[in-house]
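Everything on this sheet refers to the single structure shown next.
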Amino acid sequence: MSDAPSRPPRLASLAVRPVKSLRGVEVERVALDRLGPRGDRRWMVVGPDGATVTARQVPAMLGLTARPVDGGVELTAPGRVPLVVHEPRAGRRVPVTLSRVGEATACAAEADAWLSEALALAVRLVWLDDPARRSVSPDHGGRPGDPLSFADAAPVLLTTTASLDALNGWLAHERGHPPLPMERFRPTLVVDGDLEPFAEDRWARVRVGDAVLRFAERCDRCVMTTVDLDTLRTGTEPTRTLARHRREDGKVWFGVRLVPEQVGELVVGAPVVPLT
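Quick note: the UniProt record's numbering has the sequence shown finishing at residue 276, numbered continuously throughout.
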């Protein structure tokens with residue numbers, strides 16, 4: 001029996017992704033409100049008709065980075081001059097097709113031009129001016145009053161290093177595949193410590209520092225996880241291996257979606273305590 005002390009769960013990393021489907025940045029601390037980390041997914045790329053454009057259809061979006069700045073967001077890409085886009089509080093409303101939104105605020109034309117050139121595709125950038133407009137669907141564990149940004153289904157996605165270690169073990173043993181980085185799964189919160197793989201699936205609530213989040217549902221994974229973040233090419237992993245070990249109801253699962261119940265400040269290194 002090992003005499004090594006156990007490692008209690010802690011917040012190992014924390015990410016904010018201001019623009020839906022663009023890469024975000026890791027931060028050491030951020031305020032958590034009912035929408036998730038402050039500023040997370042308040043911006044979205046749409047086509048000329050208002051239809052949401054994501055990295056599912058355009059993997060090149062994962063080659064662009066959005067960083068929160070005071071009153072806006074900074075867009076960067078290799079070989080391009082960065083652009084700071086300010087919140088368009090006086091902008092005009094435009095229709096968008098993302099479920100339960102209806103309309104958003106158009107950004108400056110220079111943001112549209114920057115993104116269109118970077119993606120070689122005619123697109124526009126919009127901002128969620130009224131966070132109360134959209135809510136978490138009951139189909140995804142939402143309750144009355146649960147607000148939702150431009151995120152797919154819930155304000156927060158949590159994963160654990162124990163679960164990724166298990167997946168990477170399967171990949172190495174069964175496929176001879178190199179380990180995948182956690183960023184493939186785009187988590188908000190990554191928890192480290194002595195945990196069983198996929199223990200998070202069974203957490204009804206979790207306290208992170210002084211914040212409390214409620215389990216909404218397990219996260220079903222889409223083609224975005226198969227995009228290599230260096231080459232931006234789409235492959236078969238981790239979907240193929242998850243389908244062997246984590247397939248249920250015709251979907252594959254990794255991570256859990258959470259809804260904030262008690263807001264607070266999130267800080268890397270904070271204790272993480274599963275609650276009943």
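Using N, Cα and C, we set each Cβ at its ideal position, and we do this for glycine too.
- For the 8 Å CB-CB criterion, residue 251 and residue 220 form a contact.
- Annotation: residue 243 to residue 223 spans about 13 Å, alpha carbon to alpha carbon.
- Proximity of the region 141-152 to the region 205-213 falls short of the contact definition, fewer than three beta-carbon pairs being nearer than 8 Å.
- Annotated three-state conformation of residue 239 is helix, per DSSP.
- Boundaries for residue 99: no beta strand (DSSP E) harbours it, and the DSSP string shows neither H nor E there.
- When rounded, the separation of the alpha-carbon atoms in residue 80 and residue 66 is 13 Å.
- For residue 121, there is no enclosing alpha helix (DSSP H), as DSSP marks it with neither H nor E.
- Straight-line measurement puts the Cα of residue 169 at about 36 Å from the Cα of residue 43.
- Taking C-alpha positions only, residue 78 is separated from residue 108 by approximately 22 Å.
- Residue 54 sits in coil when the DSSP states are folded into three classes, being neither helix nor strand.
- 8 Å or more divides the Cβ of residue 61 from the Cβ of residue 98.
- With a cut-off of 8 Å on Cβ pairs, the region 181-188 is in contact with the region 10-18, counting three or more such pairs.
- Between the alpha carbons of residue 191 and residue 270 lies a gap of roughly 10 Å.
- By the Cβ neighbour-count rule, residue 68 is buried, with 16 or more other Cβ atoms within 10 Å of its own.
- In the DSSP assignment, residue 166 falls within the alpha helix (DSSP H) that extends over 161-170.
- Non-local C-beta neighbours of residue 95 in its own chain, meaning closer than 6 Å and more than five positions away in sequence, comprise 50 and 103, ordered along the chain.
- Less than 8 Å separates the beta-carbon of residue 35 from that of residue 131.
- Look at residue 10 here: in three-state DSSP terms it is strand.
- The region 137-145 makes no contact with the region 172-182; the number of CB pairs closer than 8 Å stays below 3.
- Annotation for residue 53: 45, 46, 47 and 123 place their beta carbon closer than 7 Å to its own, counting only its chain and skipping 5 residues before and after.
- Secondary structure at residue 188: coil, using DSSP grouped into helix, strand and coil.
- In the three-state scheme derived from DSSP, where H, G and I count as helix and E and B as strand, residue 174 is classed as helix.
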